[in-house]
Amino acid sequence: MLKLTPSVFEARRATLLDAMPDGSALLLPTNPERTRSNDTEYPFRPSSDFYYVTGYDEPEAWAVLKKNGTDKPYTLFVLPKDPEREVWTGIRHGPEGAVGTFGADQAFVTEEFDAKLGELLEDVTDLYFGFGRHPEVEPKVQEVLNRVRKGRKSGLGPATLRDSHDFLAEFRLRKTDDEVALMREGARLTHLAHVAAMEQVRPGMREYEIQALIEYTFRRNGAWGWAYQSIVAAGANACILHYVKNDVAFADGDLMLIDAGAEIDGYATDVTRTSPVSGTFTPPQRDLYNLVLASQIEAVDATVTGATIDGIHESVVKTLTQGMIDLGILTGSVDEAIETESFKKYYMHRTSHWLGMDVHDVGRYTLTSGDARPLGPGMVITIEPGLYIPPNDEDVPEQFRGLGIRIEDDVLVTEDGNENLTASIPKTIEDIEALRA
Ligand code: GLY
Ligand code: MN
Ligand code: MN
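Heads up: the sequence shown is residues 77 to 513, going by our numbering.
Below, the structure written as structure tokens:
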């Protein structure tokens, strides 16, 4: 089970403190536990910003990072040790572990948050917090700020409020070697899962059987689990972009679209493959598949320093549109189809998004000038063109109706090109059919 070491988080905090202005503080809550029904909860997952800075994996915790000459810049508020509760819900780190294992300079139990945060904020000039992003816990911060401002040291307290999420996004956007190692491990497990699914699917099986196989593969190999709900779509279900019902039986001749990725210590993998349930592609499936594949390979090759996500998308749109005209799916010229956006009927989503701790990761897509942001080393994006032909679309030659195809890889931009992290997962027709030969 691959995991970042405490020294990675320590180095991150040092980098963040370096970038913060003197007199500032960064305040981060983790996610709340969320009720699923009555007294059962959804599995807990720390908030990405909080986990990025702390590596702390328990709920009801807060981190404060302070830059004002203090010899204790890093404070954690955590759940207390509680032998009785721990019998039910497992060992807690407690303040002692927060200091000893997680490197906090001081730690308090969360119950003390209200009282202590005021003290911590009194002499802070700039406060970074995710205002508007934490409806469950923001009232606590407002209360404390209110008290600080009304207090005896009236007039003190932060005069400038900054968005912690936007601040952290710029750091999270560029992956370090440690992060890339986790993402490679995610790719490895996602490879195992997709290959097992392509090998084992048969007509008559239900989508959830393949979903179970995929998620079993993630978990049994040490992943936290899935990075987002797995999409396993038989035939025309692939035309529903976020199809997660996964309860239909595969028919002979169907394509199977799987969009699923493992999560490793908080880092997402995001991969789609489309393969034939019977083991071989039919001629119309081949034609459409090879078109999507050609656009995908072109786009992966174009994912280099200086390129833009918008530019890559525009090239994909051109290739897919020309291909659809050649196959009789669209009419007119490429320029017309792009001008009138008629291609959007069959390719309605974007080609790429940032990938990292969140599947749709943080980072601005445009510069303040309004221009598209150029890619640079350490950024990871997905390349995921697709074509989705509705089953009842009478404008399209019959043999293509009901086909949904997407091919998605995760690509790391490097100094001199890129590394396709998920390249080993079969995607040519030859390699996919060979899995069943
Ligand atoms: N799996 C979600 C996406 O591809 O964006
Ligand atoms: Mn995906
Ligand atoms: Mn994606």
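Built from N, CA and C at the ideal position, the CB exists for glycine as well.
Item                                                                                                                                                    : Value
Could you check how far apart the C-beta atoms of Leu451 and Thr384 are, in whole angstroms? I think they sit under 8 Å.                                : 7 Å
Are the region 494 to 502 and the region 344 to 352 in contact at 8 Å, needing three or more beta carbon pairs?                                         : yes
Buried or exposed for Lys143, going by 16 or more other Cβ atoms inside 10 Å?                                                                           : buried
Pull up the distance between the alpha-carbon of Met433 and that of Gly166, whole angstroms please.                                                     : 25 Å
If you follow the beta strand (DSSP E) that Asn114 is part of, which residue opens it and which one closes it?                                          : Looking at the DSSP string, Asn114 is not in any beta strand (DSSP E), and its letter there is neither H nor E.
Can you name, in chain order, every residue of its own chain whose Cβ lies under 8 Å from the Cβ of Thr91, other than the five neighbours on each side? : Phe247
Is the Cβ-Cβ distance between Leu258 and Leu203 less than 7 Å?                                                                                          : no
Determine the closest residue to Pro156 out of Ile334, Arg168, Asp190, with distance taken between C-alpha atoms.                                       : Arg168
Measuring from the CB of Asp485, is there a heavy atom of ligand 3 at a distance below 6 Å?                                                             : no
Is the CB-CB distance between Ala263 and Leu463 below 7 Å?                                                                                              : no
At a threshold of 6 Å, does Glu460 count as lining ligand 3 (C-beta to nearest heavy atom)?                                                             : yes
Tell me where the alpha helix (DSSP H) around Val140 begins and ends.                                                                                   : Per DSSP, Val140 belongs to no alpha helix (DSSP H); it is in the beta strand (DSSP E), 138 to 143.
Is Asp346 close to ligand 3? I mean its beta-carbon at under 6 Å from any heavy atom of the ligand.                                                     : yes
CB-CB under 7 Å to Ala330, same chain, minus the five flanking residues each way: which ones, in chain order?                                           : Correcting the residue type first, residue 330 is Asp in the shown sequence and not Ala. Result list for Asp330: Ala310, Gly311, Val353, in chain order.
Suppose you measure from the CA of Glu198 to the CA of Glu339; what does that come to, to the nearest Å?                                                : 39 Å
By the three-class DSSP mapping on this structure, what secondary structure does Asn494 have?                                                           : strand
Does Arg89 pass the burial test, meaning 16 or more other C-beta atoms within 10 Å, or should it be called exposed?                                     : buried
Are the region 266 to 275 and the region 284 to 291 in contact at 8 Å, needing three or more beta carbon pairs?                                         : yes
Just the Cα atoms here: how many angstroms apart are Glu417 and Glu495?                                                                                 : 32 Å
Assuming contact is defined by CB atoms lying nearer than 7 Å, are Ala101 and Val140 in contact in what I supplied?                                     : yes
Taking the beta carbon of Ala325 as the centre, do at least 16 other beta carbons fall within 10 Å, making it buried, or is it exposed?                 : exposed
Check this for me: beta carbons of Asp341 and Asp486, under 7 Å apart or not?                                                                           : no
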